[in-house]
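According to our numbering, the residues represented by the sequence shown are 2 to 562, in order.
No residue lacks a Cβ here, since even glycine has one placed at the ideal position from N, Cα and C.
Step one of this worksheet: look at the structure below.
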Amino acid sequence: MSLSVKRVETKPYEGQKPGTSGLRKAVKVFQQPNYTENFIQAILNSIHPLPGSVLVVGGDGRYFGKEAVDIIIKIAAANGVAKLIVGQNGILSTPAVSTLIRKYQVTGGIVLTASHNPGGPDNDFGIKFNSSNGGPASDSVTEKIYEITKTISFYNIVPDLNVDVSKLGETNVQIGGKPFTVQVIDSVADYLALMKEIFDFAKIKSLIQGSSSRPPFKLLINSMHGVTGPYVEHIFIKELGAAKDNTVNTVPLPDFGGHHPDPNLTYAADLVTAMKNGDYDFGAAFDGDGDRNMVLGKKAFFVTPSDSLAVLANNLNCIPYFKKTGVKGFARSMPTAAAVDRVAAAQKKEIFETPTGWKYFGNLMDAGRLSICGEESFGTGSDHIREKDGIWAVLAWLSVIAELGESVEQILLKHWKTFGRNYFTRYDYENCESAPCNEMMKKLEEKVTSPSFVGQSLSSQGKTFVVKKGDNFEYVDPVDKSVAKNQGIRVLFEDGSRLIYRLSGTGSSGATVRLYAESYEPASGSITVEASVALQPLVQVALDLSELQKFTKRDKPTVIT
Numbered sequence: 002m003s004l005s006v007k008r009v010e011t012k013p014y015e016g017q018k019p020g021t022s023g024l025r026k027a028v029k030v031f032q033q034p035n036y037t038e039n040f041i042q043a044i045l046n047s048i049h050p051l052p053g054s055v056l057v058v059g060g061d062g063r064y065f066g067k068e069a070v071d072i073i074i075k076i077a078a079a080n081g082v083a084k085l086i087v088g089q090n091g092i093l094s095t096p097a098v099s100t101l102i103r104k105y106q107v108t109g110g111i112v113l114t115a116s117h118n119p120g121g122p123d124n125d126f127g128i129k130f131n132s133s134n135g136g137p138a139s140d141s142v143t144e145k146i147y148e149i150t151k152t153i154s155f156y157n158i159v160p161d162l163n164v165d166v167s168k169l170g171e172t173n174v175q176i177g178g179k180p181f182t183v184q185v186i187d188s189v190a191d192y193l194a195l196m197k198e199i200f201d202f203a204k205i206k207s208l209i210q211g212s213s214s215r216p217p218f219k220l221l222i223n224s225m226h227g228v229t230g231p232y233v234e235h236i237f238i239k240e241l242g243a244a245k246d247n248t249v250n251t252v253p254l255p256d257f258g259g260h261h262p263d264p265n266l267t268y269a270a271d272l273v274t275a276m277k278n279g280d281y282d283f284g285a286a287f288d289g290d291g292d293r294n295m296v297l298g299k300k301a302f303f304v305t306p307s308d309s310l311a312v313l314a315n316n317l318n319c320i321p322y323f324k325k326t327g328v329k330g331f332a333r334s335m336p337t338a339a340a341v342d343r344v345a346a347a348q349k350k351e352i353f354e355t356p357t358g359w360k361y362f363g364n365l366m367d368a369g370r371l372s373i374c375g376e377e378s379f380g381t382g383s384d385h386i387r388e389k390d391g392i393w394a395v396l397a398w399l400s401v402i403a404e405l406g407e408s409v410e411q412i413l414l415k416h417w418k419t420f421g422r423n424y425f426t427r428y429d430y431e432n433c434e435s436a437p438c439n440e441m442m443k444k445l446e447e448k449v450t451s452p453s454f455v456g457q458s459l460s461s462q463g464k465t466f467v468v469k470k471g472d473n474f475e476y477v478d479p480v481d482k483s484v485a486k487n488q489g490i491r492v493l494f495e496d497g498s499r500l501i502y503r504l505s506g507t508g509s510s511g512a513t514v515r516l517y518a519e520s521y522e523p524a525s526g527s528i529t530v531e532a533s534v535a536l537q538p539l540v541q542v543a544l545d546l547s548e549l550q551k552f553t554k555r556d557k558p559t560v561i562t
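The structure is reproduced here in structure tokens:
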């Protein structure tokens with residue numbers, strides 16, 4: 002079968018600049034004539050050499066995903082790509098894409114996801130390019146793609162090429178005399194194989210199923226109608242023996258069932274309620290594309306992502322993979338609470354504070370300096386791939402629980418009694434007017450970077466915080482020496498408390514202001530106070546300092562985590 006290539010004249014669209022997680026816009030934007038085609042062509046034009054390249058393609062199953070897969074197949078065929086490895090029905094979790102890129106040592110991958118953003122015809126879609134290491138493209142690559150989008154004048158396509166991605170197997174065609182292959186694969190198989198190499202499945206299965214002397218360890222796992230559903234059913238039910246009713250919302254839906262697929266206390270409230278009212282020992286939720294996770298203990302005992310990272314870092318000896326590879330350094334994104342820093346100090350390991358964005362961790366992993374890392378936005382992962390990995394994090398927790406024989410709450414309390422507690426919260430103010438928010442950030446930066454700011458005392462509710470430092474975070478990558486500026490306004494206090502302010506670029510409209518507040522309590526201090534109570538004085542200082550409520554015109558945040 003031989004098909005011909007068609008050249009289609011086009012014009013650039015403004016604003017096709019990929020962010021830290023690719024290009025995210027409303028579905029209706031991607032549905033504009035040639036919009037998606039332009040961006041796919043720009044991605045391919047950034048790859049050198051392109052002829053003979055092999056790419057992985059898949060996504061979280063959200064609305065417009067099937068159409069996008071079809072466009073990618075047609076355009077890739079027309080541009081000399083030799084082969085596409087496509088998840089069945091276009092479904093691949095973001096961690097699975099990274100797994101496949103690394104396992105088969107291919108050129109890269111195109112991930113169709115807007116992660117934790119809502120899906121459906123009136124919501125968001127996204128396209129992200131992952132490089133040959135399996136991680137998100139570097140700043141230099143995304144900038145190159147963006148520059149191409151600004152001048153693009155045509156794209157190549159094979160309009161008569163139609164591949165049924167619902168069926169496993171290979172489609173082989175000739176395009177202009179050259180072979181082109183689309184291999185549709187089982188979405189779960191390769192990822193499952195990797196998890197079996199990392200973890201002791203028999204030990205986790207024994208924990209879950211129980212024994213004559215120990216009751217079963219009861220799970221409740223919520224896939225939020227995202228991409229992890231098939232992975233959860235195969236791994237936790239078929240492989241590890243959990244009961245079918247231990248999993249919910251495992252069918253991927255184009256609109257995520259009308260819900261916001263973000264695994265936090267607000268958007269996964271049904272999981273929190275079920276954990277509070279039920280007799281479950283462990284709860285977890287995942288986001289739309291499977292790279293984020295939330296962990297809960299019995300009666301909905303909440304584990305902050307910062308504490309989750311620190312606990313796992315302190316117990317990597319419970320996981321076979323790290324017994325083989327050894328433990329290198331640790332890392333966290335700048336807004337993430339510094340709990341893991343204390344573990345690193347105790348173990349005499351390197352600790353890195355990076356900008357938000359997993360690609361920064363990938364550089365450190367590729368250089369052999371990083372084993373485990375995380376972001377406060379419910380992302381945890383290790384050097385087994387180059388993306389955060391929700392299911393990996395849950396399997397890691399179950400490995401620790403199986404080894405220690407303790408509950409989630411017992412593990413956390415013991416950890417705090419050893420290292421102290423980093424109380425942490427994040428306030429999100431979503432879809433705010435952009436202009437006032439930009440003005441707020443500008444005035445705030447001027448205030449905190451003034452020499453007179455250091456040493457000031459800021460008080461609220463009878464508690465005083467003395468300013469140690471204020472800045473706009475800048476990161477120099479220790480591997481490639483690249484510089485990332487304007488990563489968030491920081492206010493550091495003498496007692497170890499911190500305030501962070503950021504404007505997020507992951508939404509498709511408006512501005513999202515994120516306020517992070519962290520207060521450290523030593524092991525000998527009050528480590529069991531309700532976090533919202535412990536943080537009240539610092540949060541009020543943060544609101545007063547920034548005049549956040551005035552600029553956002555919001556009395557309260559959209560989401561608190």
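Could you check if V484 is buried or exposed, using at least 16 other CB atoms within 10 Å of its CB as the buried criterion? exposed
Quick one: using the 10 Å Cβ neighbour count with 16 as the cut-off for buried, is P558 buried or exposed? buried
Exposure of S509, with buried meaning 16 or more beta-carbon neighbours within 10 Å: Unreliable positioning characterises S509 in this predicted model, as indicated by a pLDDT of 48, which lies under 50. The coordinate reading is nonetheless provided below. It counts as buried.
Residues bridged to R503 by DSSP? R515
Taking three-plus beta-carbon pairs below 8 Å as touching, is the stretch 385-397 in contact with the stretch 283-299? yes
Could you give the distance in angstroms between the alpha-carbon of E377 and the alpha-carbon of G178? 50 Å
With F420 as the anchor, note down where its beta strand (DSSP E) starts and where it stops. Not the beta strand (DSSP E): F420 falls in the alpha helix (DSSP H), residues 409-420.
For H117, count the other beta carbons within 10 Å of its own beta carbon; 16 or more makes it buried, fewer makes it exposed. Which is it? buried
Decide if T37 is buried, meaning its Cβ has at least 16 other Cβ atoms within 10 Å, or exposed. buried
Rounded Cβ spacing between D290 and G363 (contact assumed at less than 8 Å): At roughly 17 Å, the Cβ-Cβ gap does not stay under 8 Å, so D290 and G363 are not in contact.
Length of the line joining the Cα atoms of L169 and T355: 40 Å
Reference N39, options G20, P52, E15, G53, closest by Cα: E15
Just reading off the beta strand (DSSP E) that Y156 is part of, what are its end residues? 155-158
Since I believe G62 is in contact with P253 (beta carbons under 8 Å), could you give me their beta-carbon distance rounded to a whole number of angstroms? 4 Å
Within 8 Å, do at least three Cβ pairs link the stretch 259-273 to the stretch 231-243? no
Straight-line Cα distance separating K219 from S213: 15 Å
Beta-carbon gap between V298 and V409 smaller than 7 Å: According to the sequence displayed, residue 298 carries Gly and not Val. It is a contact, given that the beta carbons lie within the stated cut-off.
Burial state of Y105 (16 or more Cβ within 10 Å): exposed
With 16 other CB atoms within 10 Å as the buried threshold, where does T305 fall? buried
Tell me, please, which residues DSSP counts as bridged to Y430. V514
Verify whether the separation of the beta carbon atoms of G91 and V70 is less than 7 Å. yes
Based on Cα-Cα distance, which residue from N131, F303, V112, F200 lies nearest to F323? F200
Measuring CB atoms only, is the stretch 331-347 touching the stretch 303-322, in the sense that at least three cross pairs come out at less than 8 Å? yes
V542 to Y476 span [Cα, whole Å]: 26 Å
According to DSSP, is S435 helix, strand or coil? helix
For T172: DSSP bridge partner residues: V183
Grab the span of the beta strand (DSSP E) containing N294 for me, first residue to last. 294-298
Where does S509 fall in DSSP's three states? The predicted position of S509 is uncertain, since its pLDDT is 48 and thus under 50; a value taken from the coordinates is nonetheless stated next. Three-state result, S509: coil.
Inspect the beta-carbon positions of V183 and V164 and report whether they are closer than 7 Å. yes
8 Å contact criterion, which Y64 and V87 should meet: CB distance rounded: Actually they do not touch by this definition, with Cβ atoms about 18 Å apart.
Taking Q537 as part of the alpha helix (DSSP H), name the residues at either end of that continuous run. 532-547
Secondary structure of I149, DSSP reduced to three states: helix
Given a cut-off of 7 Å, decide if M335 and F474 are closer than it, judged by their beta-carbon atoms. yes
Using 8 Å for Cβ pairs, my map puts I236 next to L399. What's the rounded Cβ distance? Not quite, the Cβ-Cβ distance comes to about 11 Å (not below 8 Å), so this is no contact.
Measure how close the beta-carbons of K129 and S5 come, nearest whole angstrom, since I'm counting them as under 8 Å. So it is not a contact: roughly 30 Å between Cβ atoms.
Taking only three categories from DSSP, how would you classify N134? coil
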